[in-house]
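Numbering (our numbering), first residue to last: 405 to 532. Using N, Cα and C, we set each Cβ at its ideal position, and we do this for glycine too.
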């Protein structure tokens, strides 16, 4: 059998804590706002209406130079750390941390220009 709570100051304190402290937290959160920044946009045509989307983190060892290769599909690439020289066909560009570029899916290679690791996130749109 449950016993009634006889200590009303404790009950009052708990009630006020739940009613007053929680709204203060919400008010504090309301004073903080998020920001957003468009990093990249591109229009593209895919071979199919259906795609398999992949998001892959790639880590390049210091001074690593990849062999020539292709990916299954195009997509944006976001440099997380370091600098990479990207050669796609005859076009050569260097991208650093915080930059985004579009890879077409054509034959390419990547070279880490640093004595430290470089990282990128590869968003790949593979036609199905």
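{"Query": "Beta-bridge partners of residue 482, as assigned by DSSP", "Result": "504, 525"}
{"Query": "Own chain, CB closer than 7 Å to residue 530, minus 5 neighbours either side, in chain order", "Result": "455, 456, 458, 476, 477"}
{"Query": "Beta carbon of residue 479 nearer than 8 Å to that of residue 523", "Result": "no"}
{"Query": "N- and C-terminal bounds of the beta strand (DSSP E) containing residue 474", "Result": "Looking at the DSSP string, residue 474 is not in any beta strand (DSSP E), and its letter there is neither H nor E."}
{"Query": "Residue 443 in three-state terms, based on DSSP", "Result": "coil"}
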